[in-house]
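Q:
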Amino acid sequence: MKLNLEKIKDYSVLFIQEERIDAHNSGELKDSILHLIEQGEVNIIVQLESVRFIDSSGLGALLSGYKNAAAKSGKLALACCRPQVLSMFELTRLNRVFEIYTDLNEAFENEA
Amino acid sequence: MCNSVLQVDVIIPTQTKYLDLIGSIGEQIAKQLDDFSGDREALAYHLNLVLTEATSNAIKHATHDPKDTVRITLHIQDNELNIKVYDHGQGFDLEAVPCPDLDQPKECGMGLFFIRTLMDTVTYTKQKDGNVLEIIKYL
Chain A
124 MKLNLEKIKD YSVLFIQEER IDAHNSGELK DSILHLIEQG EVNIIVQLES
174 VRFIDSSGLG ALLSGYKNAA AKSGKLALAC CRPQVLSMFE LTRLNRVFEI
224 YTDLNEAFEN EA
Chain B
93 MCNSVLQVDV IIPTQTKYLD LIGSIGEQIA KQLDDFSGDR EALAYHLNLV
143 LTEATSNAIK HATHDPKDTV RITLHIQDNE LNIKVYDHGQ GFDLEAVPCP
193 DLDQPKECGM GLFFIRTLMD TVTYTKQKDG NVLEIIKYL
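So the protein sequences, as listed, match chains A and B.
Numbering of the first sequence is given in the working numbering, commencing with residue 124 and proceeding in unit increments.
Numbering of the second sequence is given in the working numbering, commencing with residue 93 and proceeding in unit increments.
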């Protein structure tokens, strides 16, 4: 899975450079987020602008990250969801779990 | 009305790298349906998702034989889309799979929820040499 990590304003921003998150690459995403958290990077924003498809395993990988970050008093938030990707969070009510921001600026303003 | 007949029959190795291919077939079919008056983009995503979830599930429950395969068929006729996903695994009891508790979300168990929620009927039956998940969506 192609991921870029940038440290911006005390947040680890994970840019997902894939159009699709499914059972083929979601394990790698889950492991990457877990690795970040184990390194002490517990405040994470996952930038999903490139992602046009996510399945249940992708949602599960993000939920795993959310729970692991929360367990270490951190937070995993999402930014730049495309409408159809956002609809998957709404269908599963995970939009009540994650903070989902329109863009990174909104994320930084609200998470600060 | 969708009066034309469309049939697609695909056999893939039990490898998740083929999920994109299977999902894309559903997406492309939705985009090219004749006379579909609903939300075409939503249908395209939903067919991509349902095919991805069903195939992923079949791969997960497949035998450990590297030569094992999953067969996927799509048939559209008279406004009915019929999807069948055949596996050679041990199978499972579809009726025994609970709906997920959306107030206590877990990392697993959303795949069948998507299929049940987005499609009209779902059945899983044992056959002579495997199992078939049959999904129907009225267009």
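For every residue, glycine included, the Cβ atom is placed at its ideal position computed from N, Cα and C.
Mind checking whether A:Arg205 and A:Leu171 have CB atoms under 9 Å apart?
A: Against the first sequence, residue 205 of chain A aligns to sequence position 82. Against the first sequence, residue 171 of chain A aligns to sequence position 48. Contact flag set, yes.
Q: What runs of the beta strand (DSSP E), each 3 residues or longer, lie entirely inside the region 154-187 of chain A?
A: 166-170
Q: Consult DSSP for A:Val136 and reduce its assignment to one of helix, strand or coil.
A: Working through the first sequence from its first residue, we reach residue 136 of chain A at position 13. Strand at A:Val136.
Q: Of all the residues that make up the region 144-175 of chain A, which are near chain B by a beta-carbon distance shorter than 7 Å?
A: Asp145, Ala146 and His147
Q: Can you look up B:Thr155 in the DSSP assignment and give me helix, strand or coil?
A: Within the second sequence, the letter at position 63 stands for residue 155 of chain B. B:Thr155: coil per DSSP, three-state reduction.
Q: Suppose only complete runs of 4+ residues qualify. What are the alpha helix (DSSP H) ranges in the region 94-143 of chain B, listed by chain order?
A: 111-124
Q: Using the Cβ count rule (16 or more neighbours within 10 Å means buried), how would you classify A:Asp216?
A: What you label residue 216 of chain A is simply residue 93 of the first sequence in a count that begins at 1. The residue asked about is misnamed: residue 216 of chain A is Arg in this sequence, not Asp. The residue is exposed, with fewer than 16 neighbouring Cβ atoms inside 10 Å.
Q: Which residue wins for smallest C-alpha separation from B:Asn223, given the options B:Leu186, B:Ile207 and B:Leu210?
A: Position 131 of the second sequence, counting from 1, holds the residue named residue 223 of chain B. Checked all of B:Leu186, B:Ile207 and B:Leu210; the closest Cα to B:Asn223 is B:Leu186.
Q: Kindly indicate which residue of B:Gly203, B:Thr217 and B:Lys218 has the alpha-carbon position closest to the one of B:Met211.
A: Here the question's residue 211 of chain B lines up with position 119 in the second sequence. Minimum Cα distance to B:Met211 is reached at B:Gly203.
Q: Would you be able to state if there are at least three C-beta pairs under 8 Å between the region 182-196 of chain A and the region 155-167 of chain A?
A: yes
Q: With 16 other CB atoms within 10 Å as the buried threshold, where does B:Lys109 fall?
A: Here residue 109 of chain B refers to the residue found at position 17 when the second sequence is read from its first residue. An exposed status is given to B:Lys109, since fewer than 16 other beta-carbon atoms sit within 10 Å of its beta-carbon.
Q: Taking the CB atoms as reference points, tell me whether B:Lys152 and A:Ala146 lie closer together than 9 Å.
A: Numbered from 1 along the second sequence, position 60 holds the residue referred to as residue 152 of chain B. Numbered from 1 along the first sequence, position 23 holds the residue referred to as residue 146 of chain A. Yes, these two residues count as a Cβ contact at 9 Å.
Q: Shorter than 9 Å from the beta carbon of A:Gln183 to some beta carbon of chain B?
A: Within the first sequence, residue 183 of chain A is the residue found at index 60, counting from 1. According to the sequence provided, residue 183 of chain A is Gly. The question's Gln does not apply to it. Chain B, which has a Cβ nearer than 9 Å to the Cβ of A:Gly183, makes this yes.
Q: Buried or exposed: which applies to B:Lys229, given that a residue is buried once 16 or more other Cβ atoms fall within 10 Å of its Cβ?
A: Position 137 of the second sequence, counted from the first residue, corresponds to residue 229 of chain B. With 16 or more Cβ atoms within 10 Å of its Cβ, B:Lys229 is classed as buried.
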